[in-house]
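What the sequence shown shows, in the numbering used here, is residues 1 to 285, in sequence order.
Backbone N, C-alpha and C fix where the C-beta goes; we use that ideal spot for every residue, glycine too.
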Amino acid sequence: MQLEYRARRRWLRRRVWSAKHPRHLYKYRSVEPNDQQSVVELRDMVVESLLWMSSPEAFNDPADLQATWVIEGSAGELRTRIDALVKEQEPGLSFKQRERKVLDLMEKPREQLLRGVQVSYMEQRRTFGVCCFARDPRNVLMWSHYANRHKGVCLQYEFARDVPVLARALHVDYLEEGAFQPINWAHAKDMREAIGDTLTRKHKRWEYEGEHRILLEGQAGTYLQLQPSALTGVIFGCHATEGVRGVVLNLLGERDSRGLQPVNLWQAHMDAQARIYVRAAGTAA
Numbered sequence: 001m002q003l004e005y006r007a008r009r010r011w012l013r014r015r016v017w018s019a020k021h022p023r024h025l026y027k028y029r030s031v032e033p034n035d036q037q038s039v040v041e042l043r044d045m046v047v048e049s050l051l052w053m054s055s056p057e058a059f060n061d062p063a064d065l066q067a068t069w070v071i072e073g074s075a076g077e078l079r080t081r082i083d084a085l086v087k088e089q090e091p092g093l094s095f096k097q098r099e100r101k102v103l104d105l106m107e108k109p110r111e112q113l114l115r116g117v118q119v120s121y122m123e124q125r126r127t128f129g130v131c132c133f134a135r136d137p138r139n140v141l142m143w144s145h146y147a148n149r150h151k152g153v154c155l156q157y158e159f160a161r162d163v164p165v166l167a168r169a170l171h172v173d174y175l176e177e178g179a180f181q182p183i184n185w186a187h188a189k190d191m192r193e194a195i196g197d198t199l200t201r202k203h204k205r206w207e208y209e210g211e212h213r214i215l216l217e218g219q220a221g222t223y224l225q226l227q228p229s230a231l232t233g234v235i236f237g238c239h240a241t242e243g244v245r246g247v248v249l250n251l252l253g254e255r256d257s258r259g260l261q262p263v264n265l266w267q268a269h270m271d272a273q274a275r276i277y278v279r280a281a282g283t284a285a
């Protein structure tokens, strides 16, 4: 098993690892020792090896995942697109029934079709489960925003230890305002593809996050199961309290009692220039 992992890691190092597919992915977490829900959520990740798939509706940027739709193209292009849509949504229709449905939709004003497209996009987008990761555990702003002002933790996951799941993490592209082009429904291959595009691009102001996202249709509000060995480290924030350390150590003890892969403990420190660096927990800064 260990040999298989090492061979896989060597292959990934040669062929895959890059800024878009880093060796490790990270999740910053707030931990409140006196908040049972906070402890349960961390336990799900550390002991049960679960990842929560959020709905896009819960994201903190209202502009995130928004899309502007247009319908531009010839009558022939529009007919082809509508025919494909009817086949997908109502596969049981006969040829004549489908033709009638297509003609009915062709006769509608494009503005009416566009409203239907926008509603369909919103409804389908809502079903996507999204799990977000960062690629840098030394990001001052991420510690501040997502780990309770450096009082929380950052979990480290190793790509090579669960390739089937972590390979799904897509690199987010960060674009300037003018780079967000409307999506032409007449030319779009598939609503899922369009949603995937909007889920993996954000405004450049969020570039500091260095984000990767796992996207799964129909999985909003569910958990994704990871291999327990995928969790390889826990980094304590610069200001993590003894209470936070106690919570983490208790959870790691529960992992040990199950015979799961050991997890490395690290400590984040901040230098005089407000840069984060990480050392093994218990060693001098």
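Check: To which residues does DSSP link Gly129 through a beta bridge?; Outcome: Leu216
Check: Ignore the nearest five residues each way along the sequence and tell me which others in Ser54's own chain have a CB closer than 6 Å to its CB.; Outcome: Val130
Check: Between which two residues does the beta strand (DSSP E) holding Ala268 run?; Outcome: Asn264 to Met270
Check: Suppose you measure from the CA of Met106 to the CA of Glu77; what does that come to, to the nearest Å?; Outcome: 11 Å
Check: Check whether the stretch 36 to 56 and the stretch 91 to 107 touch, using three or more Cβ-Cβ pairs below 8 Å as the test.; Outcome: no
Check: Given that a residue counts as buried once 16 or more other Cβ atoms are within 10 Å of its Cβ, and exposed if not, what is Tyr277?; Outcome: exposed
Check: Sorted by chain position, which residues of the same chain lie with C-beta nearer than 8 Å to Gly243's C-beta, five sequence neighbours on each side aside?; Outcome: Pro33 and Asn34
Check: Output the distance between the C-alpha atoms of His212 and Leu166, rounded to the nearest integer angstrom.; Outcome: 10 Å
Check: Skipping 5 residues on each side, what residues in its chain have a beta carbon closer than 7 Å to that of Glu217?; Outcome: Thr127, Phe128 and Arg192
Check: Assuming Leu155 is part of the beta strand (DSSP E), what are its boundary residues?; Outcome: Val153 to Glu158
Check: Between the alpha carbons of Pro56 and His187, how many angstroms are there, rounded?; Outcome: 25 Å
Check: Got a sec? Which residues, its chain only, sit under 6 Å from Ala194 by beta carbon, not counting five neighbours each side?; Outcome: Ile183 and Ala188
Check: Considering Cα atoms alone, identify which of Leu249, Pro262 and Arg29 is closest to His150.; Outcome: Arg29
Check: Between which two residues does the beta strand (DSSP E) holding Trp52 run?; Outcome: Leu50 to Met53
Check: Take Ser120 as the anchor and find which of Lys101, His24, Trp266 and Ala67 has the nearest alpha-carbon.; Outcome: Ala67
Check: I'd like the list of long-range same chain contacts for Glu90, defined as Cβ closer than 6 Å, with 5 residues on each side in sequence excluded.; Outcome: none
Check: What residue range is occupied by the uninterrupted alpha helix (DSSP H) comprising Phe180?; Outcome: Per DSSP, Phe180 belongs to no alpha helix (DSSP H) and is neither H nor E.
Check: Which residue from Glu111, Asp173, Val117 and His203 puts its Cα closest to that of Leu85?; Outcome: Val117
Check: Would Gln156 and Ile235 qualify as a contact pair, given that the criterion is a beta-carbon distance under 8 Å?; Outcome: yes
Check: Between Gln37, Met45 and His21, which has its C-alpha nearest Gln225's C-alpha?; Outcome: Met45
Check: Suppose you measure from the CA of Gln112 to the CA of His203; what does that come to, to the nearest Å?; Outcome: 29 Å
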